[in-house]
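The listed protein sequences correspond, in order, to chains F and R. According to the working numbering, the first sequence is numbered sequentially starting from 1. According to the working numbering, the second sequence is numbered sequentially starting from 1. Beta carbons: idealized from backbone N, C-alpha and C, even for Gly. These numbers come from a predicted model, not from an experiment.
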Amino acid sequence: MNTHDTSNSTEPRKESLFKRYENLTVLSIFVSFVVIVVALQLITTGGSRFPTFISPVNIFNILQQVAVPGIIAVSMTMVMISGGIDLSVGMLASLVSIVVALGISEWGLGVGPAILVGVVSAIILETMMGFIISRTRIEPFIITLGGMISFQGIALLLCNSREVVMKGELSFLTANLIGGAKDPVTGLDLRMPPYVLLFFAIALIGGLTLKFTKFGRRIYAVGTNQRAAFLSGIDVKNMRLAVYVIQGLLVGIGATLLLARINTGIITLGQNLEIDTIAMVVIGGTALSGGRGNIVGTLIGVLFLGSIANAMNMLRLPSEVQFLAKGLVVVIAVSAGDISSRISEFRALKRDQADAQAAAAERMKGGSAQGGAQSDMQKSSA
Amino acid sequence: MDEILRLSQISKTFPGVRALEDISFDLRRGEVHCLCGENGAGKSTLIKILSGAYQPDEGGRIFFNGAEVSLTPRTALEMGIHTIYQEHIVFDALDITENIFVGAEIARWGIPQRKEMREQTERVLHYLKSDLSPDMRMSDLTSGQQKIVEIAKALVFRSNVIILDEPTASFSSQEIETVLDIVKTLKEDGIGIIYISHHLDEVFEVGDRATVIRDGRKVSTYPIAGLTKSTLIKDMVGRDPSTFYKRERTPRGEVALEVRNVTGNGVRDISFKLHRGEVLGIAGMVGSGRSELMELLFGAAPLVYGDILIDGQPVRHKSPKDAIRNKMCFITEDRQNTGLFLTKTIAENVAVANMVNTREFVVRPADEFAVGEKYRQLLAIKAPDARTRAVNLSGGNQQKVVLGKWFNTGGEIFIFDEPSHGVDVGSKQEIYKVMVDLLKEDKAILMVSSDMPEVISMSDRVLVFRRGEVAGELIGEKITEENILTLSIGGTIE
């Protein structure tokens, strides 16, 4: 007498194309966005010039801008798939940049050791948060919010609320790997620093880990259903801890790269980084509730969010509009997935209703004839 | 004869299931009318009709104070019919007064009149001879005290009928006394009470009449005076055993699992031996500690005292990981919440538990898919391929996915907690067949079940649980509905 199984039939339900291929929705929005921007550029120039938005030099530009948030978005994806969240990444990045800058220019540690100290401290701090999150029932939101505030405090204490200027010791990280290469369209110099390649490498490793390792599979299992994961022999606590350790590593790396680009350790360096990375991950289809998402989706989210600011500049829209546009994109991209699944649910409901009506009409016919019930039974046994 | 409520020829059909058939029932003022029946007899459905949550099928009629009415949750409350469900519906963060008046605040000009509400609450609590203060926070109360607050809520808003569904489940004996005293007070004030309980002692202590329901049909109604427990039990059971599933018998082998004086997680001093090739049924009322014992054995709850031996070797299961490594499998009762990863595919679900047994770090989706396909075909899971998500399968097929997950670990000792819960009849038979196949492969099965025909037809031996302890063991001919029920409600058999 169990009634919570809504479907009475034993046949599996069909799924829409968009639900089956999770990244399709956002990808199609992203592609339409690119098409719109390109079209606008063509219209404004009357089609006389190549749309600069898709010129190689601009694409390389976008890649340089998104590489650091992109690296952090990879580990943020893992954290969110496991059912967690991390609000502290921005302030942690600021803290690490100050530690590394101080290490190089004031403590005399040398470049390598300074970077190591910065990355290790990021790992330690994230591990502490992960430990609390995985061993208690306190919401990750609260713990990492507390982390964000305290990291800001530590960072300000370390640098006495001042900026730490360096002499370009980290410039090897921003060197141009393809010096002399020209954009065939605009004739401008192309730039490809090593950290862009690092971003792709990390995204690749992250994606492979999630998809092709036991560790990755278990992250999904924990995020989908913690209790079932526990009863299936998964060490839920340590899985939830591990994703924060990885987050620490990648925030450490990301912060060092930011520092290399700006050449100054400063508290505003990681500002809004948590908002940008979470937005990228969410646009990429990772569910806040955990269990769902992947790195390909996150990559689309990273490029999408990165190209918005860029496109606004191209179209000569005021920079203030960017925030509004970013916000809208997050809402639209996330609700699009929901809307498409609602549409398919609605269609399924209509179909079921039609089936039920047909069945009812059939029964009415059978009931009026003699022995209708019996013939029904014969039909179903045949 | 002051009749307040009468149900006439009530039936209720769900898709594929006739939950109630032609039930007639009446309740008088100042009477405690007990509803008795096994798990799943239809008591809950009947209550939901009375509270207006379900509408009866056409032809059923309900009379309130002699006038025919149709019940919706709203009209039921307007008539003063209050249902107090087994599960507490409380707002933990609010205090007693706020809980009682939530959604029905006394307000003037939109401003809640806290003082007035508090006074009314205090008056009712006093009337119930309770020493609770209206300002106490719900989360600070025991479940017995929360039950009193729910009864108080029914009284603050004029009540004619109060329906109590298992009001004393999991209560201490002192709390049970308090609740029974309250029932007696209410009865003296002319309120009609419908009382549902698995505990026949309570039925005999407070009841005036008892109605027995079995398989959705009314069997009998008796005055309690002069009634014996055995009459009641005979009416509650009485299915024809020849209609039960015929299980193939398998030879009994070595002892696979031995449990000695296991204590913890709400169970005390449990000892038994489980042999290979046999099904040991674990029967008892819901809440008697059966699933809790399974959690202990599987390492999902800490063992306070006692020993577990697998194939003669003592083991310690600190977590399910250890239990799986020791060849145990746990098919949980609530497959959607504790067994399956609903949004994941069949292949992913099947692969997950065996990960503790494999050394490789890398997972090949192609291999995983192949294993998923193997079990999809072996267990005849109705899905186009192993890439189908579990959420899109029916209950019976979902259960088969859970089975596939455990078969894939190569386990030998299977715990089935309600193996056919929420599964259609066809899948039920298939699951039973799979269980027998396991026995033929010399595996051992521990089966918790509230489904009497299932317990009787599948078990070689049955342990009956009552309040966290083993009330008795039944073997062979002794495994009858009557004996199981008698043991589980605290009776003795000769």
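Tell me whether the beta-carbon of residue i lies closer than 8 angstroms to the beta-carbon of residue j.
i	j	result
Asn99(R)	Val17(R)	no
Thr228(R)	His33(R)	no
Thr207(R)	Thr178(R)	Note that residue 207(R) is Gly in the sequence shown, not Thr. No, they are not a contact pair.
Leu173(F)	Tyr195(F)	yes
Glu368(R)	Asp385(R)	no
Met78(F)	Phe151(F)	no
Val245(F)	Ile59(F)	no
Met239(F)	Phe53(F)	no
Thr502(R)	Ile162(R)	In the structure as shown, chain R begins at 1 and stops at 494. Residue 502(R) is therefore absent and cannot be evaluated.
Leu128(R)	Ile182(R)	yes
Ala390(R)	Leu342(R)	yes
Ala53(R)	Pro73(R)	yes
Thr224(F)	Gly216(F)	no
Gly396(R)	Ser427(R)	yes
Ile81(F)	Gly290(F)	yes
Gly252(F)	Val66(F)	no
Gly37(R)	Arg214(R)	yes
Glu163(F)	Ile266(F)	yes
Asn497(R)	Val350(R)	This structure leaves residue 497(R) out entirely; chain R is present only between 1 and 494.
Glu278(R)	Arg247(R)	no
Gly428(F)	Val302(F)	Outside the displayed range of chain F (1 to 382) lies residue 428(F), so it cannot be described from this structure.
Residues of chain F with a CB under 8 angstroms from the CB of residue i: which are they?
i	result
Ile339(R)	It should be pointed out that residue 339(R) corresponds to Gly in this sequence rather than to Ile. Within 8 angstroms Cβ-Cβ: Ala228 and Leu231.
Ile193(R)	Here the premise fails: no neighbours, minimum Cβ distance about 25 angstroms.
Ile324(R)	Ser232 and Gly233
Name the chain F residues that come within less than 7 angstroms of residue i, Cβ to Cβ?
i	result
Phe330(R)	Leu231
Assign residue i to one of two classes, buried (16 or more other C-beta atoms within 10 Å of its C-beta) or exposed (fewer than that).
i	result
Leu197(F)	exposed
Ile43(F)	exposed
His421(R)	buried
Phe361(R)	exposed
Val401(R)	buried
Lys187(R)	buried
Val496(R)	What is shown of chain R runs 1 to 494, which leaves residue 496(R) out entirely.
Ile339(F)	exposed
Gly226(R)	exposed
Tyr504(R)	In this structure chain R extends from 1 to 494, so residue 504(R) is not present and cannot be described.
Arg218(F)	buried
Can you list the residues of chain F that residue i reaches, using a CB-CB cut of under 9 angstroms?
i	result
Pro498(R)	Past the boundaries of the shown model lies residue 498(R); chain R is included only from 1 to 494, so the question cannot be answered.
Ile96(R)	Within 9 angstroms Cβ-Cβ: nothing; Ile96(R) doesn't reach chain F, min ~26 angstroms.
Ile89(R)	Chain F residues near Ile89(R): none, gap ~18 angstroms exceeds 9 angstroms.
So residue i contacts chain R; which residues on that side make the cut at Cβ distance below 7 angstroms?
i	result
Gly291(F)	Thr343
Ala221(F)	Phe341 and Val352
Residues of chain R with CB closer than 8 angstroms to the CB of residue i, please, in chain order.
i	result
Phe141(F)	Simply none; closest approach about 18 angstroms.
Thr224(F)	Phe341, Leu342, Thr343 and Lys344
Which chain R residues are close to residue i, counting only those with a beta carbon under 9 angstroms from its beta carbon?
i	result
Arg218(F)	Val352 and Met355
Phe212(F)	Val362, Val363, Arg364 and Pro365
Check whether the Cβ of residue i sits closer than 7 angstroms to any heavy atom of the ligand ZN, and report yes or no.
i	result
Leu227(R)	In terms of ligand content, the structure shown is empty, and the ligand ZN therefore cannot be addressed.
Taking three-plus beta-carbon pairs below 8 angstroms as touching, is the stretch 444-462 of chain R in contact with the stretch 473-490 of chain R? Enough Cβ pairs lie closer than 8 angstroms, so yes.
Given a limit of 7 angstroms on CB to CB distance, which residues of the stretch 278-290 of chain R reach chain F? Of all residues in the stretch 278-290 of chain R, none has a Cβ within less than 7 angstroms of some Cβ in chain F.
- Item | Positions along the stretch 352-383 of chain R whose CB lies within less than 8 angstroms of some CB in chain F | For the stretch 352-383 of chain R, which is checked against every Cβ of chain F, the residues closer than 8 angstroms are Val352, Ala353, Met355, Val356, Thr358, Glu360, Phe361, Val362, Val363, Arg364, Pro365, Lys382 and Ala383.
*asked:* Does the contact criterion of 3 or more C-beta pairs under 8 angstroms hold for the stretch 311-330 of chain R versus the stretch 400-413 of chain R?
replied: Contact between the stretch 311-330 of chain R and the stretch 400-413 of chain R is present: three or more C-beta pairs spanning the two stretches fall below 8 angstroms.
message = Does the stretch 254-270 of chain F come into contact with the stretch 39-57 of chain F, if we say contact requires no fewer than three beta-carbon pairs (one atom in each stretch) closer than 8 angstroms?
response = The stretch 254-270 of chain F, when compared against the stretch 39-57 of chain F, does not touch it at the 8 angstroms Cβ threshold.
- [ ] Decide if the stretch 317-324 of chain R is in contact with the stretch 278-292 of chain R; the criterion is three or more beta carbon pairs, one per stretch, under 8 angstroms apart.
- [x] Contact fails: fewer than three Cβ-Cβ distances are below 8 angstroms.
Going along the chain, which residues of the stretch 179-206 of chain F sit with their C-beta nearer than 7 angstroms to a C-beta in chain R?
-> Within the stretch 179-206 of chain F, no residue has a Cβ that lies closer than 7 angstroms to any Cβ of chain R.
| Taking Cβ-Cβ distances below 8 angstroms as the criterion, which residues of the stretch 298-311 of chain R are in contact with chain F? | Among the residues of the stretch 298-311 of chain R, those with a Cβ less than 8 angstroms away from any Cβ of chain F are Phe298 and Ala300, in the order of the chain.
Inter-stretch contact (C-beta, 8 angstroms, three-pair minimum) for the stretch 259-279 of chain R and the stretch 294-306 of chain R = Touching, per the Cβ criterion.
Q | Touching by the beta-carbon criterion (3+ pairs, under 8 angstroms), the stretch 45-62 of chain R and the stretch 133-141 of chain R | A | Not touching, per the Cβ criterion.
Closer than 8 angstroms is the cut-off here; do at least three beta carbon pairs connect the stretch 120-136 of chain F with the stretch 81-95 of chain F? Using a C-beta cut-off of 8 angstroms, the stretch 120-136 of chain F makes contact with the stretch 81-95 of chain F, since at least three inter-stretch Cβ pairs fall below that distance.
TODO: Determine, using beta-carbon pairs with one atom in the stretch 295-310 of chain F and one in the stretch 23-34 of chain F, whether at least three such pairs fall under 8 angstroms.
DONE: Segments in contact, yes.
(Q) Would the stretch 442-450 of chain R count as touching the stretch 248-258 of chain R if we require 3 or more Cβ pairs under 8 angstroms? (A) Three or more beta-carbon pairs separated by less than 8 angstroms link the stretch 442-450 of chain R to the stretch 248-258 of chain R, which places the two stretches in contact.
request  = Evaluate the contact criterion for the stretch 92-112 of chain F versus the stretch 276-283 of chain F: three or more CB pairs, one atom per stretch, below 8 angstroms.
outcome  = Segment contact: the stretch 92-112 of chain F against the stretch 276-283 of chain F, fewer than three CB-CB distances shorter than 8 angstroms; contact not assigned.
Next on the checklist: Quick test of the definition: if touching needs 3 or more C-beta pairs under 8 angstroms, does the stretch 303-311 of chain R touch the stretch 486-494 of chain R?
Outcome noted: The answer is no - the stretch 486-494 of chain R does not touch the stretch 303-311 of chain R, with fewer than three Cβ pairs under 8 angstroms.
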